[in-house]
Structure formats: structure tokens, C-alpha cells
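Novice:
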Ligand code: PMT
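Residue numbers (this note's numbering): 249 to 670.
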């Protein structure tokens, strides 16, 4: 896809600079040639030698290097590429670009270029939300600068929100989007959506707290070889278990049959049926928070048989009668003395997503419900991304489409904020 495309990668000084190694690798394995420019601050996070080794090209960092200028002047450097990619792009470089400053090689190259520029911002959540940065983004968007990210998630500075650099594969997809004409700059006539509020959390805020997460489908046996199930992959539930554990919680993950890797640092209990899942959940109590992300089969076969059902020529297919499964979420929410302080359900809907989720939250008696659309074509079942709405007693908070990991991180941060800050 990127065969023969020349990318000038400008690396500025942020903790996300370490992701550049993978970014260079991913661009090159798609056929792109990558040449790197680094700011002085970037060299504090990654070494020029590592970028040089991965790009198999000279790395440029010094505007006043006589050899660099004689071999490849900064004007030529800025124009020889097909696309300039700034990753990570700090608040500082965005401000310099917006103001037209040129006080080092990176900013000079960016001012001198006549090529398209794609930036992947990475900074503290409050720096990203600051009106100055947002105004710079609008200014740059108005000049045709392209953006990828930032993503939301926990930050190195113990805050949660937008500001994390996009993952290397997301940046690669944006680069490909540019070359195929599918990537457009932000429209300066439309105000940027208000960045969600930053959540400040102490280090590992859920230390000492217990969490229960359900994930994956259940399998309801028809006979020893056949079962009723659904398309849940366990991606979303497993990501939530990992995100809660990352915040310090002692997590029990009760999962139906999935092929997801076991998340590190959580206690995994593998089950098959809804009855087994309920039993494992009850055994995990008491917990401070329960998150039911599993796609539990609503019905099971009334009478399973121990021998394989036989196909008899000429006979009608066997009738299978179903009975309701126990409702695990409703059982946990009804609780009694063991009721978790916070019970979070999911609502998988195919129509009237929010209205149905609001009603489901009340019907099941849980505190919060995370609504997602599972209609065919959304890719919610099994996919990498999810678009969710957090429904609480206070209202509905609709989140942007993001990776399931990002949904999990944001939900875990909200849970921590609720349990710790009250
Ligand atoms: O696993 P993935 O491929 O990543 O996909 C994620 C997902 C779509 C499965 C997930 O985001 C999701 O929506 N999970 C809930 C699926 C579901 O069963 O939704 P529901 O609307 O039918 O059920 C509502 C809630 O009741 C859920 O929290 C469910 O876990 C719970 N439930 C349902 C039936 C039952 N017998 N017991 C339950 O506990």
C-alpha cells in the first residue's frame, strides 16, 4: 500500500516517542521509506541510533550541523518527502506550527515544507483540553494539517482522558488514508467536540478493592456435541478485567469459552453455561464492583440428553424446548448483604439503543449500564472497536467510537472515581 512512499517522521519530545520504533517498523513493512528528524527533547526519550537502525537512514536533529546542511539542507529535507508525519506531536510543536516559529530543525522543516503534514498529538489531558491547544488545532486544521488522535486512556501522569498518542497501526491507517484520499483535516468551521473532563486519580486507586467481571458467551448444551451460543469474543469483558487490574483491583474474571489470551494479573474462572457462570460469580463475592459484560444466553434447553441426537431418515427434526436461564446481573444487583457497591451491566441492543438500555437498567436493578449497538455491520461482536453510552441515574454519557481497550480504560477510571472519590 505504501510502496515507494517517502515519509519524513518528525519525532518530538514526549513519553509516547517510544512508540516510534514500532511505527517505523510498520511503515517500512508496508513498503514506505522512512527518514527521521528529532527535536532535542525527543533525544531524551529515544536515541537517534535506535531510529537510525530501524529506518536504515540517517537521523537529522541538528539545524546547525555543517555536514547535514551540506549533504541535505533543511529545505530539501522538508520537500523530498511525500508526507510529513509528526509523532508524537507535543503541545509545544503544535503551538510552534500554528505560530509559524522555526527555532530548531523540526519546526523549520515544518515551516519550509510544501507537502502534507499529518500530526499525532500526545500530551497531558489538560494540555490537550486547554483552549490554547484547541485553538492551535483549529488553526492548523484550517490550513489543511491532518490529525490522527489523540486517544483517550490512562496517562503516565495518573490522569485519564484524551491525550494518548494513537497506536502505531492507527497512525499507519491514517497515512494510508492520506494516500487514498480518505483522510480530511478537521473542519475549522465546526467547533471541536468538547474534550471529556479529565479524571485525576491517585496511583493504583483500586488497590485493596475487589472486582468481578463476566466476559464472553455462554454455551447451552443441546446434546453432547451441539450447543446454543452467540458471537461474543470476550474482547470487551477481558479488556475491562485488565483495565481494573491495572488500576490495582483484585479481579476475578468469570469467562465463557473464548480464544482471548488470559489477561495478566487477574483470577480467571472458566465456565461454559449460564448456570456455571452464576455459580462462579456467587463464589467470587463479596466484591466492591461487578461488571457484567458477558453475553449470557437468555435460554437453555429444557432437557439435555446424554447421547447425540440422531437424524432419522424421513422423521421430522427434533423439537427443542427452551427455559429461561438465571439472570446473573439481576441476581447480583438484587444482592442483599453481599450486593456489590457498584453493579454495572451491559445492554446489547439492535434498535432504540439508549431507550432500551435506560429501561434495562431499571428492570435489572443495576447502577450503571453500558449500552452498545450489536446490529449486523457494527462489528461490536468480536471487533476491536466499540461505540458505547454510559447510562446512570444521572443521565446518558455517549462516548466516541474507540478501541475496546480504550472503552475499558475509561470505564475503569469512572469506576475508580466513583468508588474512591465517592
Ligand atoms: O465479547 P465481545 O465480542 O467483545 O462483544 C462485547 C459484547 C457485545 C458482548 C458486550 O459489549 C456486551 O454488550 N455484553 C452484554 C451482552 C448481553 O447479553 O446483553 P443483554 O442486553 O442481552 O443483557 C443485559 C445484561 O444482562 C448484560 O450485562 C448481561 O451480561 C446480563 N445478563 C443477561 C442475561 C442473563 N441470563 N444473565 C445476565 O447476567
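The C-beta atom is built at its ideal place from N, Cα and C for all residues, glycine as well.
Assign residue 455 to buried or exposed, taking buried as 16 or more other Cβ atoms, counted over all protein chains shown, within 10 Å of its Cβ.
Specialist: With fewer than 16 other Cβ atoms within 10 Å, it is exposed.
Novice: Is the segment 335-342 close to the segment 252-263, with three or more CB pairs under 8 Å?
Specialist: Contact holds: three or more Cβ-Cβ distances are below 8 Å.
Novice: Can you find at least 3 beta carbon pairs, one from the segment 598-610 and one from the segment 649-656, that sit closer than 8 Å?
Specialist: Too few Cβ pairs lie closer than 8 Å, so no.
Novice: So, under 8 Å CB-CB, residue 332 and residue 361 are touching, yes? Tell me the CB distance rounded to an integer number of Å.
Specialist: About 6 Å separates the two Cβ atoms, so the contact holds.
Novice: Tell whether a beta-carbon distance below 8 Å holds between residue 500 and residue 543.
Specialist: Going by C-beta atoms, residue 500 is not nearer than 8 Å to residue 543.
Novice: Going by DSSP, which residues form a beta bridge with residue 594?
Specialist: According to DSSP, which records beta bridges pairwise, residue 594 is partnered with 618.
Novice: Three or more C-beta pairs closer than 8 Å, one from the segment 508-515 and one from the segment 558-570: is that the case here?
Specialist: No, the segment 508-515 does not touch the segment 558-570.
Novice: Closer than 8 Å is the cut-off here; do at least three beta carbon pairs connect the segment 609-617 with the segment 589-597?
Specialist: Short answer: they touch.
Novice: For the ligand PMT, I want to know if residue 551 counts as a neighbour, meaning its beta carbon is within less than 7 Å of at least one of the ligand's heavy atoms.
Specialist: Because no heavy atom of the ligand PMT lies under 7 Å away, the Cβ of residue 551 does not count as near it: no.
Novice: If you drop the 5 nearest sequence neighbours on each side, which residues of the same chain put their C-beta closer than 8 Å to that of residue 305?
Specialist: 281, 282, 283 and 284.
Novice: On a CA-only basis, which of 625, 619 and 494 is nearest residue 637? Give me that one, please.
Specialist: The shortest C-alpha separation from residue 637 is found at 619.
Novice: Evaluate the contact criterion for the segment 486-494 versus the segment 575-586: three or more CB pairs, one atom per stretch, below 8 Å.
Specialist: Because the criterion of three Cβ pairs below 8 Å is not met, the segment 486-494 and the segment 575-586 do not touch.
Novice: Going by beta-carbon coordinates alone, are residue 667 and residue 589 separated by less than 8 Å?
Specialist: Contact flag set, yes.
Novice: So what does DSSP say about residue 427, is it helix, strand or coil?
Specialist: Here residue 427 sits in helix by DSSP.
Novice: Regarding residue 428 and the ligand PMT, is the C-beta to nearest heavy atom distance less than 7 Å?
Specialist: The answer is no for residue 428.
Novice: When the Cα atoms are used, what is the spatial distance from residue 418 to residue 324?
Specialist: Between residue 418 and residue 324, the C-alpha separation is close to 28 Å.
Novice: With a threshold of 7 Å (Cβ to nearest heavy atom), would residue 481 be considered close to the ligand PMT?
Specialist: Because some heavy atom of the ligand PMT lies under 7 Å away, the Cβ of residue 481 counts as near it: yes.
Novice: According to DSSP, is residue 419 helix, strand or coil?
Specialist: Residue 419 falls in the helix class under three-state DSSP.
Novice: Between which two residues does the beta strand (DSSP E) holding residue 340 run?
Specialist: It is not in any beta strand (DSSP E) - residue 340 instead sits in the alpha helix (DSSP H) that spans 339-347.
Novice: Name the DSSP beta bridge partners of residue 645, please?
Specialist: Answer is 638.
Novice: From the DSSP output, in three-state form, read off residue 515 for me.
Specialist: It is a strand residue.
Novice: Thinking C-alpha only, which one of 581, 623 and 587 is nearest residue 598?
Specialist: Residue 623 is the option with its Cα nearest to residue 598.
Novice: Quick check: does the Cβ of residue 593 come within less than 7 Å of any heavy atom belonging to the ligand PMT?
Specialist: It does: the Cβ of residue 593 is within 7 Å (strictly closer) of some heavy atom of the ligand PMT.
Novice: Should residue 610 be counted as a contact of the ligand PMT given a C-beta to heavy atom distance under 7 Å?
Specialist: Incorrect: residue 610 has no Cβ contact closer than 7 Å to the ligand PMT.
Novice: Just to confirm my understanding: we take residue 522, look at its own chain, exclude 5 residues before and 5 after, and list those with CB closer than 8 Å. What are they?
Specialist: Closer than 8 Å at the Cβ level, and outside the excluded window around residue 522, lie 466, 468, 544, 545, 548, 573, 574 and 576.
Novice: Would you call residue 201 buried or exposed, if buried means 16 or more other Cβ atoms sit within 10 Å of its Cβ?
Specialist: Residue 201 lies beyond the stretch modelled for the chain, which goes from 249 to 670, so this question has no answer here.
Novice: Spatial neighbours of residue 272 within its chain, please: C-beta separation below 6 Å, excluding the five flanking residues on both sides.
Specialist: These residues qualify, in order along the chain: 282, 302 and 303.
Novice: Using a Cβ-Cβ cutoff of less than 8 Å, which residues in the same chain neighbour residue 403 once the five nearest sequence positions on both sides are dropped?
Specialist: Closer than 8 Å at Cβ, skipping near neighbours: 372, 373, 409, 411 and 412.
Novice: Would you mind listing the beta strand (DSSP E) stretches within the segment 450-534 that are 3+ residues and don't spill past its ends, in chain order?
Specialist: Fully enclosed beta strand (DSSP E) runs of 3 or longer: 458-463, 498-503 and 515-518.
Novice: Any heavy atom of the ligand PMT closer than 7 Å to the beta-carbon of residue 639?
Specialist: Answer for residue 639: no, Cβ out of range of the ligand PMT.
Novice: How many Å lie between residue 375 and residue 518 at the Cα?
Specialist: Distance between the alpha carbons of residue 375 and residue 518: 43 Å.
Novice: Taking the alpha-carbon of residue 552 as reference, which of 470, 270, 350 and 327 has the nearest alpha-carbon?
Specialist: The option with the nearest alpha carbon to residue 552 is 470.
Novice: Do you know how far the Cα of residue 416 is from the Cα of residue 328?
Specialist: Roughly 23 Å between the two C-alpha positions.
Novice: When burial is assigned at 16 or more other CB atoms within 10 Å of the CB, is residue 217 buried or exposed?
Specialist: Nothing about residue 217 can be read from this structure; the chain reaches only from 249 to 670.
Novice: Can you tell me whether residue 486 is buried or exposed? The criterion is at least 16 other CB atoms within 10 Å of its CB, across all chains shown.
Specialist: Per the 10 Å Cβ criterion, buried.
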